[in-house]
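Numbering (the working numbering), first residue to last: 219 to 553. Using N, Cα and C, we set each Cβ at its ideal position, and we do this for glycine too. Scroll down for the structure; my scribbles are underneath it.
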Amino acid sequence: MFCRSLNLFVIINISQTRLKRLIMENYSQVSYFFLVAYFDTGIFKYLYFLLIMTLYVLVITANVFLIVLICVNRSLHEPMYLFLCSLFVNELLGSTGLFPLLLLQILTDVHTISVSHCFLQMFCLFLYACVEFASLALMSYDRYLAICFPLQYNTVLTYNKVAVLIAVSWFCSFIAIIIPTSLSAPLRLCGNIIQKVYCDNFSIVKLACSDTTVNNIYGLVGTSVAVLGPLTLIVYTYTRILKVCFSGSKQTRHKAFSTCTPHLASLLNYAFGVCFEISRFNMNNVHNTLKIFLSIYWLTCQPLFNPLMYGLNMSKIQLNTEYDIYLIHYSKLQD
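Dropping the structure here:
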């Protein structure tokens with residue numbers, strides 16, 4: 219009798235183990251994710267679709283126009299405009315990574331995305347995030363050289379050096395994103411619900427049944443490097459620019475301010491959107507539409523804000539760049 223009970227106990231344990239293993243295997247074979255941040259908008263979904271489609275068309279048109287303008291106009295083949303061209307290409311990457319899926323989800327009642335498309339979107343969006351920050355850092359370095367070392371500007375920032383800096387910023391961003399994506403792809407998942415309107419690595423890691431220590435460590439270290447590296451360069455360059463401005467004449471300060479204003483506006487706009495998304499403020503009393511808009515602010519407004527900010531000043535900057543640098547240098551000599 220005892221032996222029978224023991225055998226029955228072993229069989230039950232083996233069955234439970236097999237059942238748990240089967241459940242784990244089924245969970246790990248997730249084929250799609252639910253994006254549950256969306257909500258039913260009823261007949262207004264067509265209005266939202268039209269508004270977002272208009273925004274997407276404006277983003278594509280503005281960025282492509284400025285890219286073509288810089289490429290075909292030889293007078294714009296200068297470091298600042300080459301950095302801008304890289305920035306505009308990145309805006310196309312970020313907006314294309316978000317808008318097509320966003321438009322599709324607005325018109326559907328069941329908000330799902332396949333695993334392969336989810337990882338592709340995650341890769342595109344966070345590659346955009348890294349390249350955007352790196353490009354803004356390179357542009358601050360460009361402004362620093364133009365204001366603090368106007369005579370050495372053209373010899374320090376040659377065409378080849380600009381090309382290398384742009385290539386390095388894209389390559390390093392690519393490596394920084396491909397590693398966490400590769401670490402998250404083989405994870406066994408215990409769910410398929412993402413509390414956002416787009417896919418991100420953090421949401422997928424939270425769904426994992428297996429150990430995610432390596433993912434968490436790399437996420438912390440990688441994010442710190444991707445943020446602190448460009449941020450250190452930006453803070454250093456603007457500290458030196460401010461030092462030159464305060465030690466120079468009023469005309470020097472005015473020219474430096476007018477030269478740096480578009481870049482500072484773009485940097486602050488991007489930093490606002492990213493900080494909001496990272497910090498994830500508690501907004502239980504905020505309407506869902508506003509919550510969704512704020513969560514994708516850094517992906518929707520920045521790609522339109524940059525071409526408008528720089529495009530409106532393109533002709534003015536083109537005519538006055540060399541004259542501004544000369545005036546800044548002349549004022550330093552006078553002082």
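Exercise for review: Leaving aside the five residues before and after I288 along the sequence, list all residues of the same chain whose C-beta is less than 6 Å from its C-beta, in chain order.
Suggested key: L294, Y299 and C303
**Study point:** Alpha-carbon to alpha-carbon, K263 and L325
**Key:** Straight through space, the alpha carbons of K263 and L325 are spaced by roughly 7 Å.
Practice item. Measure the CB-CB distance between D258 and F301 and report whether it falls below 8 Å. Key: no
Practice item. Spatial neighbours of F220 within its chain, please: CB distance less than 8 Å, with the 5 preceding and 5 following residues excluded, ordered by chain position. Key: Per-residue confidence for F220 stands at a pLDDT of 41, beneath the threshold of 50, marking its modelled position as unreliable; the derived number appears in the next sentence. Closer than 8 Å at Cβ, skipping near neighbours: no residue.
**Study point:** Rounded distance between the beta-carbons of K414 and A255, thought under 8 Å
**Key:** Going by Cβ atoms, the distance from A255 to K414 rounds to 5 Å, so yes, they are a contact pair.
Review point. Looking at the unbroken alpha helix (DSSP H) that takes in I452, where does it start and where does it end?
Key: T431 to S465
**Study point:** Same chain, Cβ closer than 6 Å to A444, five either side skipped, listed in chain order
**Key:** C348 and A394
Review point. Secondary structure at S428, three-state DSSP: helix, strand or coil?
Key: coil
Review point. Does the beta-carbon of Q323 have 16 or more other beta-carbons within 10 angstroms, so that it is buried, or is it exposed?
Key: With 16 or more Cβ atoms within 10 Å of its Cβ, Q323 is classed as buried.
Check your understanding: In this structure, does DSSP put I514 in helix, strand or coil?
Key -> coil
Check your understanding: Would you report the Cα separation of N419 and T455, rounded to the nearest angstrom?
Key -> 32 Å
Exercise for review: Please confirm whether I331 and I459 have their CB atoms less than 8 Å apart.
Suggested key: For the 8 Å CB-CB criterion, I331 and I459 do not form a contact.
Practice item. Quick one: residues in its chain with C-beta nearer than 7 Å to the C-beta of L356, no 5 flanking neighbours on either side, listed in chain order? Key: F301, L383 and S387
Check your understanding: Relative to the alpha-carbon of K509, which residue among P521, G491 and L526 has its alpha-carbon at the smallest distance?
Key -> G491
Review point. Considering only the beta carbon of each residue, do E309 and P480 sit closer than 8 Å?
Key: 8 Å or more divides the Cβ of E309 from the Cβ of P480.
Check your understanding: What beta strand (DSSP E) runs, 3 residues minimum, are completely inside the stretch 290-358?
Key -> 330-332
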